[in-house]
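Since the structure comes first, as structure tokens, the remarks are kept for the end.
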Amino acid sequence: MGRRAPYGAQYRQAVPGITRKRRGRQVLLSLIRLGYEKSIIINSSFIGKAVFFWRNGRIAKNTGAPLSLPTAYFAEGNAQEKCSVTRGESSSQRLAFCEDAVFWDTPTRKGTQRRILISCDNNRLNWNTVMGPLKDPNGRGALWIHDPNSKKAPQKIEFVNYPSETDFHPLGISVLPGATPSASSQVIVVNHGRHNTTIEEFSLSQVSPYRATHIRTLSHPEFISPNAVSWSSSTSFYVTQDRRFTRRLPGIVGKVLPMLETLLLPGLSRVNHVTFPTDSSALDVKTVISWFSFPNGISISPNGNKVAIASSSASIVRFYNRSIEDNTLIFDTEVEMPFSPDNIDFEKNGKLTVAGHPDFLQLIKVSKRKAKGAPSWVVSLSPRTASLSKTEDDAAPRPASLRASPSDRYEVRTLYQGTKFGTSTTGLWDEGSQTLFVVGLYEDGLLVCKA
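Numbering follows our numbering, with no gaps: position 112 of the sequence shown is 93.
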């Protein structure tokens, strides 16, 4: 029997001349009809798992036995001795339920200073437009800053000129450092507010790094489900749209369609490139990748020639060649992941750090308060050389090769895996200090593992 055609392929094959808009309407109607007819899968654990594994046969094949991860494994030493959780300091909030983290490298007179910016939302169990629920949007999230070279705990960033009554539920974050020690850095953050999702721009100064001045709110009809962002210039950035259908849709449609889009892998989402002139509020939004399944994390390589994008539902990371002149993306290769990848980060040496969820169904249970935790997994992708074999990662308790086929182009190496610090969304590897930083979607604190 041949390979199953992608969902919606029958429309393209049967009617070659069909327009994309009409095709989209037909897929939408089919999904709605299927959602009403088969809505039992939303409430049935057994059938839900069956559909989950059916749509991703590779994961089902590579996980014949129940998933068994260690309490904590760190590639560079004994996790019990090398890893610890750093707590944040704030009178009103705690550093918890964090979605994204990025290095903030700023020039100094003596070289470069490295800090970490973190986006967190203590109210995630009440307001999560990606996984649900949408119960109470009143609790506010926050941005935090951590200085790895200081003994101080991470500090909450104070907002300046950001209205106190405005929602702030942050997801993806990206920072563009200033070119000189006195220049301010630009920060953009995805904000899933109660009425719609926007992208907020802030200015951050080295002189007062714990205060961020709000510059503008970016809004556009194309911002249906922004997840991750990555600066491409001082006036432009890439943004992933993780869903075509969101939980904001009314009634049962908002409960059924997002789940079906994830389970059936129809590839209805996209990646946009956004340009905003500094002297105008008008946005130029272009689609650079169409028909993408659950695009999540995105990162641009240090030289700007490559863009990596994670597909959470397909358990892959795709690499694209980028035109610096017009920001178009051309597919290069993809690498299978042993988990559902979330956020990704290019290191200065060209390696890519990927964090994600090895048990996505368990993560869903956590979001519904039906489980206390879900495991974590963080890997590093290195461009392969002739000296590297395809049986790498053998040192890990559960090697990546058990759940993902080796890549001809990239070596996959586990940096961290375990259940003690769970729900990993972002991993940052500092090559200079040999330190790994990890945040978790439903976890307290910042995990720091130092070799």
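A virtual CB, placed ideally from N, CA and C, is assigned to each residue, including glycine.
- Put simply, the segment 250 to 265 touches the segment 208 to 225. At least three CB pairs are less than 8 Å apart.
- Listed as beta-bridge partners of residue 55 by DSSP are 58 and 397.
- Measuring C-alpha to C-alpha distances from residue 295 to each of 308, 302, 68 and 323 identifies 323 as the nearest.
- With a cutoff of 8 Å on beta-carbon distance, residue 327 and residue 280 are scored as near each other.
- Distance from residue 223 to residue 151 at the Cβ level is roughly 15 Å; contact not present, criterion being Cβ atoms closer than 8 Å.
- Between residue 204 and residue 178, the gap from beta carbon to beta carbon is short of 8 Å.
- Contact between the segment 58 to 73 and the segment 82 to 97 is absent: fewer than 3 CB-CB pairs across the two stretches fall below 8 Å.
- Under the criterion of beta carbons closer than 8 Å, residue 129 and residue 414 qualify as touching, at roughly 7 Å.
- Under the three-state reduction of DSSP output, residue 341 falls in the helix class.
- Each residue's CA atom was taken as its position, placing residue 401 and residue 347 some 15 Å apart.
- When only Cα atoms are considered, residue 355 and residue 420 end up about 13 Å apart.
- When secondary structure is reduced to three states using DSSP, residue 63 falls in the helix class.
- Closest by C-alpha distance to residue 212, out of 206, 113 and 167, is 167.
- If you draw a straight line from the Cα of residue 230 to the Cα of residue 249, it comes to about 16 Å.
- The alpha-carbon of residue 181 is positioned some 15 Å away from that of residue 202.
- In the assembly as shown, residue 61 is an exposed residue. Its beta-carbon has fewer than 16 other beta-carbons within 10 Å.
- Pairing residue 184 with residue 169 gives a Cβ-Cβ distance that is not under 8 Å.
- Here the segment 377 to 386 makes contact with the segment 312 to 323; the two share three or more CB pairs at distances below 8 Å.
- A distance of 8 Å or more separates the beta carbons of residue 406 and residue 228.
- Of the residues 416, 271 and 156, the one whose Cα lies closest to the Cα of residue 210 is 156.
- In the DSSP assignment, residue 188 falls outside any beta strand (DSSP E) and carries neither an H nor an E.
- Counting only runs of 3+ residues, the beta strand (DSSP E) found wholly inside the segment 119 to 205 occupies 123 to 127, 139 to 141, 151 to 157, 166 to 173, 178 to 185 and 192 to 199, in chain order.
- Secondary structure of residue 292 (DSSP, three-state): strand.
- Within the segment 293 to 362, the complete beta strand (DSSP E) runs of at least 3 residues fall at 297 to 303, 310 to 317, 321 to 327 and 333 to 338.
- With respect to residue 422, residue 395 sits apart: the two C-beta atoms are not nearer than 8 Å.
- Under the three-state reduction of DSSP, residue 111 is assigned to coil, being neither helix nor strand.
- Per DSSP, the continuous beta strand (DSSP E) segment holding residue 417 begins and ends at 416 to 421.
- Shown here for residue 145: not one same chain residue has a beta carbon closer than 6 Å to its own, the five before and five after excluded.
- Looking at 139, 263, 262 and 80, the one whose alpha-carbon comes closest to that of residue 172 is 80.
- Here residue 426 carries a coil assignment [DSSP, helix/strand/coil].
- Between residue 141 and the set 411, 341, 122 and 191, the nearest pair of CA atoms involves 191.
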